[in-house]
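Residue numbers (the numbering used here), protein chains in the order written: chain U, 1 to 285; chain Y, 1001 to 1285. C-beta atoms are modelled at their ideal positions from N, C-alpha and C, and glycine is treated no differently.
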DNA sequence: ACTTATTTACGTAATTTTATTCCAATATAC
DNA sequence: GTATATTGGAATAAAATTACGTAAATAAGT
């Protein structure tokens, strides 16, 4: 994870590597970051007790194109409200701390993904789904719940959907794939053997293989259309959490895309489904 | 829902009150806000087709001390997530627009929830789950996928879990609830009859009823411990999207809470589960 | 261990870029 | 047709960056 979202955290961590004047600048900024975003290079230099070029050099070592750019990044970083440096929950965390960390991580992942959405792939996926005879969603483990969510969502949008959690069922479906079948594989790592094999089998049929997974993974290789979700997660020690959220939102995007493709005339259909559920709920008082 | 801390929203809403050149500037900024934060007053003036002083005046009418200050505020506003005034996807939206809207909504919901987490309820829920003989997660529709996710997650953390999607199964389970049973109901509206009835039944047994739902809903009333998720959504026209994301993150929080309660000695157990999955994946090259 | 060379760090001052102010010109309202 | 508001040009001011020289630190040689 090189794109550290939190600038303050980066500064803090690089502190030992800085030389004298850069350290002074860092100290001044960490002291009062809000202030730093508002001040000019001259006043910050004054507060830090260094020259203006030193501040400028400092900004460049942290990847900014110059002082104004640095201020902008700093402002962004402060506004996103991601407070914690160490993103992982520690055993020493208390109730005030770890829930916030987890929310921070989630928010962070969504913000990062938002800036870098694979729109062309999304568009193609919408095309495939819109025209599909049927769509088979498949995920294992954590991704099974995502697949389930997808099924539920697309069903409402009148897309013929199937979900399976059984790899053997999937294999059987895969070999029988024909024109108009869309196999939609969901996986964080893109390395689950059962999934990759099924994708390979399906891609040898007339069916279309869409994947939502990590870029460059085996699963991505075997798909006709891959929606990259490159959220970095330490899945060696933790369960995929943030990538799952991103996947869900992307599925929302796909569903919205399909609906938009259907056009406005489609709305009454949604209303009918909605109405069918009315009697299962207590009315709002 | 008018959280007008958002600069873009303010600009949008003040649009009719602006004079010609100010409107041009507004249009240019709304067109591509990210770009606006990066450009100089000269280039923005160029894009908008007005003079530099006009841009400057524009900034001042929106409460900024000048152009750089305005850029800063804009950057902050963008980073905080919410970009679109009208949060709903419109049929006129193109691929550049609606995915961003959906992400914005999601991020916004998480930010809002983060500021207002029901920590006491979360702590009590962690207590209940940690000490449970078994935990029965239950959700219908969209919440079924959330329940499924919960099952998967807590299973890894060595909590004895069950999920059901069948209301009849649930009813049967509910009547047989005993000491140490935790019924965990997930619902956005908290008004689904099947769920509320099951909660009512279960609460008359020795079992503990935990709910994650909207404050003041019938389901909340019938639970011993309710984790309020008050994300406002237009579920009359759309599926619950953002509330389920918040629910998922809160489940992550609960799972983390249970793990922390277990203590550090529990870590090897997680490693074992992780290892058991190793052979199902292709190794990272 | 001391000197000298070489690199690196830092600041001064000049330059350039960027933003703001002032004022005149034009458009709009009354 | 006058008054008022709106706009852009040019001048000014502010801010940031670059170029360059000096000082400090480190390395190499004596």
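Legend entry - Inter-residue Cα distance where the pair is residue 57 (chain U) and residue 1034 (chain Y): Residue 57 (chain U) sits at position 57 when you count from the first residue of the first chain. Residue 1034 (chain Y) sits at position 34 when you count from the first residue of the second chain. Answer to the nearest angstrom: the Cα atoms are 25 Å apart.
Test: residue 1091 (chain Y) CB closer than 8 Å to a CB of chain U: In the second chain, counting from the first residue as 1, residue 1091 (chain Y) sits at position 91. It does; some Cβ of chain U falls within 8 Å.
- prompt: Would you say residue 1281 (chain Y) reaches chain U, if we count a Cβ-Cβ gap shorter than 8 Å as a contact?
  reply: Numbered from its first residue, the second chain carries residue 1281 (chain Y) at position 281. Judged by the 8 Å Cβ criterion, residue 1281 (chain Y) is in contact with chain U.
Exercise for review: Spatial neighbours of residue 29 (chain U) within its chain, please: CB distance less than 7 Å, with the 5 preceding and 5 following residues excluded, ordered by chain position.
Suggested key: Walking along the first chain from the start, residue 29 (chain U) turns up at place 29. Within the same chain, residue 29 (chain U) has close Cβ partners 11 and 36.
Quiz item: Enumerated in chain order, which unbroken segments of the beta strand (DSSP E) with a length of 3 residues or greater are wholly contained in the stretch 198-246 of chain U?
Solution: 208-213 and 225-228
Margin query: By alpha-carbon positions, which one of U:59, U:225, U:246 and U:197 ends up nearest to residue 1281 (chain Y)?
Written below: In the second chain, residue 1281 (chain Y) corresponds to position 281, counting from 1. Considering only alpha carbons, the answer is U:197.
Discussion item. Below 8 Å on C-beta distance, what does residue 122 (chain U) contact in chain Y?
Written reply: Looking up residue 122 (chain U) in the first chain gives position 122. Near residue 122 (chain U) (Cβ distances below 8 Å), the residues of chain Y are 1095 and 1099.
Where does residue 247 (chain U) land, buried or exposed, given buried means 16+ other C-beta within 10 angstroms? Position 247 of the first chain, counting from 1, holds the residue named residue 247 (chain U). The residue is buried, with at least 16 neighbouring Cβ atoms inside 10 Å.
Show which residues of chain U have a CB atom less than 9 Å away from the CB atom of residue 1222 (chain Y).
To locate residue 1222 (chain Y), count along the second chain from 1; it is residue 222. Chain U residues near residue 1222 (chain Y): none, gap ~11 Å exceeds 9 Å.
Where residue 136 (chain U) falls: helix, strand or coil (DSSP): Taking the first residue of the first chain as position 1, residue 136 (chain U) is located at position 136. Correct three-state label for residue 136 (chain U): strand.
**Prompt:** Which residue comes first and which comes last in the alpha helix (DSSP H) that contains residue 112 (chain U)?
**Reply:** For the purposes of this step, residue 112 (chain U) is taken as residue 112 along the first chain, with counting starting at 1. Segment 98-115, the alpha helix (DSSP H) holding residue 112 (chain U).
Between which two residues does the alpha helix (DSSP H) holding residue 1146 (chain Y) run? Position 146 of the second chain, counted from the start, is the residue given in the question as residue 1146 (chain Y). Looking at the DSSP string, the run of the alpha helix (DSSP H) that includes residue 1146 (chain Y) is 1142-1156.
**Message:** Using only CA atoms, which one of U:27, U:252, U:171 and U:20 lies nearest to residue 150 (chain U)?
**Reply:** Taking the first residue of the first chain as 1, we reach residue 150 (chain U) at position 150. Comparing Cα positions, the closest option is U:252.
**OP:** Provide the residue span of the beta strand (DSSP E) that contains residue 1163 (chain Y), from first to last.
**Re:** Here the question's residue 1163 (chain Y) lines up with position 163 in the second chain. Segment 1161-1164, the beta strand (DSSP E) holding residue 1163 (chain Y).
Quiz item: alpha helix (DSSP H) containing residue 41 (chain U): first to last residue?
Solution: Here residue 41 (chain U) refers to the residue found at position 41 of the first chain. Looking at the DSSP string, the run of the alpha helix (DSSP H) that includes residue 41 (chain U) is 41-48.
Taking Cβ to Cβ, would you say residue 1147 (chain Y) is nearer than 8 Å to residue 1186 (chain Y)? Taking the first residue of the second chain as 1, we reach residue 1147 (chain Y) at position 147. Taking the first residue of the second chain as 1, we reach residue 1186 (chain Y) at position 186. Their beta carbons are under 8 Å apart, which means residue 1147 (chain Y) touches residue 1186 (chain Y) by this criterion.
Worksheet item: What does a CB cutoff of less than 6 Å around residue 49 (chain U) pick up in its chain, not counting 5 residues either side in sequence?
Response: Locating residue 49 (chain U) in the first chain gives position 49, counting from the first residue. Excluding sequence neighbours, residue 49 (chain U) sits near 24.
- chain U contact for residue 1164 (chain Y) (CB, 8 Å cutoff): Position 164 of the second chain, counted from the first residue, corresponds to residue 1164 (chain Y). Chain U, which has no Cβ nearer than 8 Å to the Cβ of residue 1164 (chain Y), makes this no.
ask   = Mapping DSSP to helix, strand and coil, what is residue 1070 (chain Y)?
value = Here residue 1070 (chain Y) corresponds to residue number 70 of the second chain, with the count starting at 1. Of the three classes helix, strand and coil, the one that applies to residue 1070 (chain Y) here is helix, per DSSP.
Discussion item. Any beta carbon of chain Y sitting closer than 8 Å to that of residue 61 (chain U)?
Written reply: As a position in the first chain, residue 61 (chain U) is number 61, starting the count at 1. No, no contact with chain Y.
Beta carbon of residue 188 (chain U), beta carbon of residue 214 (chain U): below 8 Å? Along the first chain, read from residue 1 onward, the residue named residue 188 (chain U) stands at position 188. Along the first chain, read from residue 1 onward, the residue named residue 214 (chain U) stands at position 214. Yes, the Cβ-Cβ distance between residue 188 (chain U) and residue 214 (chain U) is below 8 Å.
Determine, using beta carbons only, whether residue 1037 (chain Y) comes closer than 8 Å to chain U. In the second chain, counting from the first residue as 1, residue 1037 (chain Y) sits at position 37. Taking Cβ atoms only, chain U reaches closer than 8 Å to residue 1037 (chain Y), which makes this a yes.
- Message: Counting only C-beta atoms, is residue 1066 (chain Y) closer than 8 Å to chain U at any point?
- Response: By 1-based counting over the second chain, the position of residue 1066 (chain Y) is 66. Answer no: the Cβ-Cβ gap between residue 1066 (chain Y) and chain U never drops below 8 Å.
| query | Of all Cβ atoms in chain U, is any one closer than 8 Å to the Cβ of residue 1252 (chain Y)? | reply | Numbered from 1 along the second chain, position 252 holds the residue referred to as residue 1252 (chain Y). Residue 1252 (chain Y) counts as touching chain U.
request  = Using a Cβ-Cβ cut-off of less than 7 Å, list which residues of the stretch 132-161 of chain U approach chain Y; keep chain order.
outcome  = Within the stretch 132-161 of chain U, the residues whose Cβ lies closer than 7 Å to some Cβ of chain Y are 141, 142, 144, 145, 148, 149, 152, 153 and 156, listed in chain order.
How do the stretch 1162-1172 of chain Y and the stretch 1123-1140 of chain Y stand: do at least 3 beta-carbon pairs fall below 8 Å, yes or no? yes
Is residue 1093 (chain Y) helix, strand or coil by DSSP? Counted from its first residue, the second chain places residue 1093 (chain Y) at position 93. Looking at residue 1093 (chain Y) - three-state DSSP - the assignment turns out to be coil, as it is neither helix nor strand.
Assigned secondary structure, residue 275 (chain U) (DSSP; H/G/I helix, E/B strand, else coil): As a first step, residue 275 (chain U) must be located in the first chain, where it is residue number 275. Of the three classes helix, strand and coil, the one that applies to residue 275 (chain U) here is helix, per DSSP.
Check your understanding: What did DSSP end up calling residue 1179 (chain Y) once you bin it into helix, strand or coil?
Key -> Here residue 1179 (chain Y) is taken as the residue at index 179 of the second chain, counted from 1. Residue 1179 (chain Y) falls in the coil class under three-state DSSP.
* To do: With a threshold of 16 other CB atoms inside 10 Å of the CB of residue 1073 (chain Y), please say whether the residue is buried or exposed.
  => Taking the first residue of the second chain as 1, we reach residue 1073 (chain Y) at position 73. So residue 1073 (chain Y) counts as buried.
| request: Please classify residue 261 (chain U): does DSSP put it in a helix, a strand, or coil? | output: Locating residue 261 (chain U) in the first chain gives position 261, counting from the first residue. Note: residue 261 (chain U) maps to helix in three-state DSSP.
Can you have a look at residue 192 (chain U) and say buried or exposed, based on whether 16 or more other CB atoms are within 10 angstroms of its CB? In the first chain, the residue the question calls residue 192 (chain U) occupies position 192. By the neighbour-count rule (16 or more Cβ atoms within 10 Å), residue 192 (chain U) is buried.
- Taking DSSP as the reference, what is the three-state secondary structure of residue 1061 (chain Y)? Working through the second chain from its first residue, we reach residue 1061 (chain Y) at position 61. Reduced to three states, the DSSP call for residue 1061 (chain Y) is helix.
Alpha carbon to alpha carbon, how far is residue 1160 (chain Y) from residue 1131 (chain Y)?
The count along the second chain starts at 1 and reaches residue 1160 (chain Y) at position 160. The count along the second chain starts at 1 and reaches residue 1131 (chain Y) at position 131. If I take the Cα positions, the gap works out to 10 Å.
Can you grab the Cα-Cα spacing for the pair residue 14 (chain U) / residue 1157 (chain Y), in whole Å? Numbered from its first residue, the first chain carries residue 14 (chain U) at position 14. Numbered from its first residue, the second chain carries residue 1157 (chain Y) at position 157. Cα to Cα, the separation comes out at about 35 Å.
(message) Please confirm whether residue 1185 (chain Y) has its beta-carbon closer than 8 Å to some beta-carbon of chain U.
(response) Start at 1 with the first residue of the second chain, and residue 1185 (chain Y) comes out as number 185. With 8 Å as the cut-off, residue 1185 (chain Y) does not count as an interface residue toward chain U.
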